[in-house]
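This report refers to the structure that appears directly beneath it.
Numbering (mature numbering (1 follows the signal peptide of the UniProt record, and there is no 0)), first residue to last: -21 to -1, 1 to 522.
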């Protein structure tokens, strides 16, 4: 091959690995520190980003290249993950312990990824050592390009509300409780953008105008119901999918989930309560914010704004969610052109959660396997062909076994571009929530009881929402369908953080069959090395 051709090939590879250079770059520099705030009236140590709690919002447009230079000024290593952002072909930037070495105290790392083919509402969070319980999270939105229409008029303003349960104990104290096989117990309260009560967040609106409100449950344990006194919620988007625009009085938002609603300021000029309250719990905890009409002199009422009860409300609400097949996606082709319901399923994986003790310690498991964190990130071990030394790839069967729990570093191998079905079974009395990094899957069905092959008769095979997070109600099942077309090492985990911390997670490994840059970007040159690969030196690029 001649020199000129080799040079052109080098440029093509560079464009592939850096993410289409003609698209805009958005640069952020973050300093992650401890700080003291009193979100529930008690001074406590929280994790801040650039002295903000919650952290700064990332406001981007589809196909933007995001560059985040992170400086760790904590006393512990950490990682940042991007909840719902698919990281197409790029699990190197996923920010989970199975893919990256943590940023050490005093160190820094630069994340670089492209928000491809996504328009919607997401958030980021610290993914290690129970840091999520202390903060370090923030909103991440991906806007449509000007020439790609969205199925509603531009709102007067676009607000992000991060709702979540909250503990007054530090993340280190909570982590120690779990290490000592003790439950976290009930949260101390609910926050909206890190505030509630007398110091509540205020959204100012002009009478007659319509506003977009993005809602993400960034908590660690509890499903929440979101509502605004006297105002209807017009649902327009769920985790990157435009929806059929139904009107709701309130929305159940489970841990890790994100929704967008349009709210029209069409009521009397005064202040109204914005409420997030706990669901499926014996106790009711409430976080509040204020919808303030410009010029209003009357404050919010002290009257309690009650929410729904029972599972039936929430289950029926899920069944009402539909993908808007007439809306354009981030891609030029309509969303409805992907006829997922006509693709044959080649593999079914049934995942059941369990709780028990291993060597006297409290653990949670999936199909009897409780995940043990490895000192070497699985993705790095895979790159250096050391996977057999780090994880167990045949530990977990595709269906729940009838045997005792065991502890393993659990990796499930998949085949690139297979179309698979995953069924989550909840045999317990509490709501569970599951998240899969790197993918949007089709949430096709859920119901009470035990899943059987006949349960497919109730699947929505036409316009199910494409998303990355799904809830499973008590004594119930939920099913998803997806094409394993995103090569990499991806976290599948419980979003109930004590369950995740104590083993309810696994990694889905989807290798590129030909190791092509068309399937997966090569290892970034700034990738830190640790564990068994600490002395492997600088990574090399593909030929």
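A virtual CB, placed ideally from N, CA and C, is assigned to each residue, including glycine.
- Around the beta-carbon of residue 257, 16 or more other beta-carbon atoms lie within 10 Å, marking it buried.
- In this structure, the beta-carbon distance from residue 362 to residue 192 does not fall below 7 Å.
- Assignment of residue 370 by DSSP, reduced to helix, strand and coil, places it in the coil class.
- Under the three-state reduction of DSSP, residue 418 is assigned to coil, being neither helix nor strand.
- Look at residue 211 here: in three-state DSSP terms it is coil, with no helix or strand label.
- In this structure residue 228 is not in contact with residue 250, their Cβ atoms being roughly 19 Å apart against a cut-off of 8 Å.
- The three-state reading of DSSP puts residue 423 in strand, counting E and B together.
- For residue 25, the enclosing beta strand (DSSP E) has its first and last residue at 23 to 28.
- Here residue 204 is buried, its C-beta having at least 16 other C-beta atoms within 10 Å.
- Fully contained in the stretch 334 to 396 are the following alpha helix (DSSP H) runs of length 4 or more, in chain order: 357 to 362, 366 to 369.
- Here the alpha carbons of residue 200 and residue 139 stand approximately 21 Å from one another.
- Cβ contact annotation for residue 230 (same chain, cutoff 8 Å, sequence separation greater than five): 194, 204, 205, 206, 212, 214, 238, 240, 296, in chain order.
- By a beta-carbon distance limit of 8 Å, residue 197 contacts residue 143. Their separation comes to about 4 Å.
- Cβ atoms of residue 447 and residue 418 come within 8 Å of each other, at about 6 Å.
- Apart from the 5 residues on each side of it in sequence, residue 457 sits with its Cβ closer than 6 Å to the Cβ of 403, 425, 449, 451 in its chain, given in chain order.
- By alpha-carbon distance to residue 324, the top candidate from 333, 373, 462 is 462.
- Across the set 3, 90, 147, the C-alpha of 147 shows the shortest separation from the C-alpha of residue 25.
- Inter-residue distance for residue 102 and residue 383 is about 36 Å (C-alpha atoms, whole angstroms).
- In the assembly as shown, residue 484 is a buried residue. Its beta-carbon has 16 or more other beta-carbons within 10 Å.
- Counting every other CB atom within 10 Å of its CB across the protein chains shown gives residue 125 a total below 16, marking it as exposed.
- Residue 39 is positioned such that its CB atom lies closer than 7 Å to that of residue 121.
- For residue 472, the three-state secondary structure derived from DSSP is strand.
- In the three-state DSSP reduction, residue 195 falls in the strand class (E or B).
- Residue pairing of residue 250 in beta bridges, as defined by DSSP: 271.
- In this model, residue 189 and residue 242 are separated by some 6 Å (Cα to Cα).
- Between residue 4 and residue 46, the C-beta gap is smaller than 7 Å, which places the two residues in contact.
- The DSSP-derived three-state label of residue 296 is helix.
- The beta-carbon distance between residue 69 and residue 500, rounded to whole angstroms, is 5 Å. This is short enough to meet the 8 Å contact definition.
- In this structure, residue 35 sits away from residue 57, with a CB-CB distance that is not shorter than 7 Å.
- As a beta-bridge residue in DSSP terms, residue 460 pairs with 400, 421.
- With a cutoff of 7 Å on beta-carbon distance, residue 169 and residue 266 are scored as near each other.
- Shown here for residue 246: same chain residues with a beta carbon closer than 7 Å to its own, the five before and five after excluded, namely 209, 210 in chain order.
- With a 10 Å radius around the Cβ and a threshold of 16 neighbouring Cβ atoms, residue 357 comes out buried.
- For residue 154, the uninterrupted alpha helix (DSSP H) run begins and ends at 150 to 158, by DSSP.
- A residue is called buried once 16 or more other Cβ atoms fall within 10 Å of its Cβ, and residue 282, having fewer, is exposed.
- For residue 169, the uninterrupted beta strand (DSSP E) run begins and ends at 168 to 171, by DSSP.
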